[in-house]
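Reviewing the structure listed below.
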Amino acid sequence: MLNPEEMSKIIIVGPDSHMKGVISKLHELKVIHIVDHKKNEFDIGAPLENANRISDLIVRIKSIISYLNKFTSKERKEADAERLTFSQLDRDSIKLEAEINSKTEKLKEIEGKINNLSGMRQTLEKIESLGISLSSFTDYESIGYFLGYLAKTEGIEESLKKLTANFGMKISEYKGKKIMALFIAKDKLQESEAILKKFGFSAIESAFLKAMEGDVSSRISIVSKKISSLKNEQKQLLKELKLLADKWLDVLGYNQKILDAELEKAEAPLRFAKTSDAFVIKGWVPKRQLEKAVKELEKTTSKKVYIKTENIEEHDNVPIELKNYAAAKPFELFMKLYTLPKFNEIDPTFLVFLGFPLLFGFMLGDIGYGLTTLIIAWLLKKKMPKAAGFLNVMMWASAATIFFGALFGEFFGFEELFGVELPHILSRAHQIQELLILAIIVGVAHINLGVIVGFINIKHEHGLLAAIYEKGSWILLQASVAVLALSYMKLLLVPVWAGYIGILASVIMLYKGEGIKGLVELPGIFSNMLSYARLMAIGLASVELALVINSFAEEFFKAGGFMIIAAILLLVVGHAVNIGIGILGSFLHSLRLQYVEFFTKFFHGGGQEFKPFGVKQ
Amino acid sequence: MVDINTGLIALSSCIAIVGSAFATAIAEKQIGSAAIGAMAEKEELFGKGLILTVIPETIVIFGLVIAIMIIGMAGE
């Protein structure tokens, strides 16, 4: 509970002929955290011969999957997919890739054609709206023409008339924009273009019209028919691609996962040390699984590998697997967020499990708010099973909030319900001084718990004397200051110098234990204790806000009539906002008290996570 | 209407909070942006970053304690 999983350092040595067998056994057992070999007098191993082939295959399959995903929205059900052999996958994926490539190329070609034809149809429609026949757009000897949009049309004819009388112009509107066709003598082309520019002319591509003859509307219907037949072709292709996607995605997804595992196995020798004929694996195995693992390995290799466990040394970076009861397990999240303990340290998860909800509850402390957050967390947990760990933390915190709400006698800020006063031990809104003192007492207790855990840690690592110097001094210091204060206040019949001697002794002990660094931190412990005043401050802010909301709503209720709806709205929105602020504040500050005030008393951390070979991260 | 003495007490406890809150805000602003910068480089630094960022919060807590003490003393 208070210690991480015990690990054994293990070395596996075997001949090359058994390497493959050992790798697949280890992959199946999922118990060994392999320590990557760094090249020294021994080289690192070379990947198994099929590694290249597998990684090529994975790349191909991944590209097919990502491509096919665009064509279907069906849910993937990989669980019941069929497992294919390597060569089968290889063959099928090559065929599939070729099929997809030819289909997509065709698709692109069709799309290009459709774009082209739609452009053409639009131009034809414009000409139709101008009421000009197609045969007008041919090469003349002496006449040129313009076809295009105009920004404004007022006065254009007059401007052109100044240039020449020999022109024909038609103006019409197409989809809200003005279009125009102008036929004019060739020698006036340049001048007329300059005039058109002034009226915001932009040309429409019309070169293809020269090749066209006949009636405009029949042309349009021919083009439309072409477009719709191309669209049918496109639809057919998309349908075929969707069929392919539905048929293959599950199978490919499932087999890709298998291939990933195979690749991990094939590349495992890169992490081993290697001689010309043998391999060496160094790693860590949880102590309770060691015996079984060794037995299994010996069975598969018929005792042809040599397995040795070594003693853990001081500088070893032992991988850490936290080991906690199911209830405390979600709180491991906070350790991963901060840093994992070292192997010889106490794992504080259980202490956080006790401390975090209590401090959270102390701050939020309201039966109504606790119930609300509990229900929200419970509902979210059903919706998002992935966030279950975090939501479990929230549920514990909510339970503590309800508990403290009962102690403080608060329900959505109300201290009485229907004229009956809720029983309370301490009313936060009215006994501020007492609340402050209580918060500091909680702080003293929490910090001293940390100091005691630190004492155990140091005793474990460096012996009892070091622990007394380093951590015992803090407790003596607090006691001495307390004695000093009480004797000054004449509450304790001890001469004043007794306190001073205690302080002096603790300072000397601290100097011996931690050196100058310890002395610098001396005042820190008292500011740490004062820091727990936030328990009061945040709680008070939450209560006062709730009280303000309630008293406003009460006024509204008294006004009656339409105002009752406003009052209800105010209550709902106001308390929702207050709960939001309350959760955020209480969460962060409770976490901060754990990390800053509590952990600094005993925790160093820096352990690396236990990542067994064969478990996907 | 409250008398001027009560007002002065309220004002002085306000000053205690305001001063310490500003000090905290300025300190946290700088540490916080530096911590986010470090986190962008290395995500594991979240824990350490959070701790460093919230250290100055103690200042405002001191201010709060002083404010409460001022109000408490005035009540005597």
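In order, the protein sequences belong to chains Y and G.
In my numbering, each number is its position in the first sequence, counted from 1, plus 288.
In my numbering, each number is its position in the second sequence, counted from 1, plus 855.
In this text, a Cβ means the ideal position worked out from N, Cα and C, and glycines have one as well.
Note that the structure is a prediction, hence the values are computed from the model and not measured.
Three-state class that DSSP yields for residue i in the structure shown
i        : result
Y:THR597 : strand
Y:HIS321 : strand
Y:GLN882 : helix
Y:PRO636 : coil
G:MET894 : helix
Y:PRO900 : coil
Y:SER590 : coil
Y:LEU438 : strand
Y:LYS466 : strand
Y:ASP503 : coil
Y:PHE700 : coil
Y:GLU461 : strand
Y:TYR428 : coil
Y:ILE654 : Checking the displayed sequence, the identity of residue 654 of chain Y turns out to be Asp instead of Ile. Coil at Y:ASP654, not helix or strand.
Y:LEU372 : coil
Y:MET797 : helix
Y:GLU397 : helix
Y:GLY302 : strand
Y:ILE472 : strand
Y:TYR355 : helix
Y:ASP344 : helix
Y:PRO574 : strand
Y:PHE706 : coil
Contact list for residue i against chain G, beta-carbon separation under 9 Å
i        : result
Y:SER976 : Residue 976 of chain Y lies beyond the range of chain Y shown here (289 to 905); nothing can be said about it.
Neighbour list for residue i in chain G, Cβ cutoff strictly below 8 Å
i        : result
Y:ILE720 : ILE923
Residue environment, residue i, which counts as buried when at least 16 other CB atoms sit within 10 Å
i        : result
Y:GLU620 : buried
Y:GLU461 : exposed
Y:LYS313 : buried
Y:TYR820 : buried
Y:SER878 : buried
Y:LEU807 : exposed
Y:ALA825 : buried
Y:GLU429 : exposed
G:ASP858 : exposed
Y:ALA439 : exposed
Y:PHE850 : exposed
Y:ASP654 : buried
G:GLN885 : exposed
G:GLU896 : exposed
Y:TYR357 : One point to set straight first is that residue 357 of chain Y is Asn, not Tyr, in the sequence displayed. Y:ASN357 should be labelled exposed.
Presumed contact (8 Å Cβ cut-off) between residue i and residue j, rounded CB distance
i        : j        : result
Y:HIS863 : Y:PHE696 : No, Y:HIS863 and Y:PHE696 are not in contact; Cβ-Cβ is about 16 Å, not under 8 Å.
G:ALA890 : G:GLY904 : 3 Å
Y:PHE844 : Y:ALA855 : 4 Å
Y:SER238 : Y:ARG348 : With chain Y covering 289 to 905 only, the question about residue 238 of chain Y has no answer from this structure.
Y:THR689 : Y:LEU652 : 4 Å
Y:GLY812 : Y:HIS315 : Not a contact, Cβ separation roughly 49 Å.
Y:VAL831 : Y:GLU698 : 7 Å
Y:SER494 : Y:PHE425 : 6 Å
Y:THR588 : Y:GLY309 : 5 Å
Y:THR360 : Y:LEU537 : 7 Å
Min CB distance residue i to chain G below 7 Å
i        : result
Y:ARG822 : yes
Y:LEU818 : yes
Y:TYR626 : yes
Chain-ordered neighbours of residue i on chain G, where CB pairs are closer than 7 Å
i        : result
Y:TYR883 : GLY902, LEU905, ILE906
Y:LEU724 : ILE923
Residue-chain proximity (residue i, chain Y), Cβ-Cβ < 7 Å
i        : result
G:VAL873 : no
G:THR913 : yes
Chain Y residues whose Cβ lies nearer than 9 Å to that of residue i
i        : result
G:ILE916 : SER815, LEU818, SER819, TYR820, ALA821, ARG822, ALA825
Per-residue contacts from residue i into chain Y (C-beta, under 8 Å)
i        : result
G:GLY927 : GLN721
G:ILE910 : VAL884
Under 7 Å by beta carbon: chain Y residues contacting residue i
i        : result
G:VAL920 : LEU818, ALA821
Check: residue i C-beta below 6 Å from any heavy atom of the ligand COA
i        : result
Y:ILE431 : The ligand COA is absent from the structure shown, which contains no ligands of any kind.
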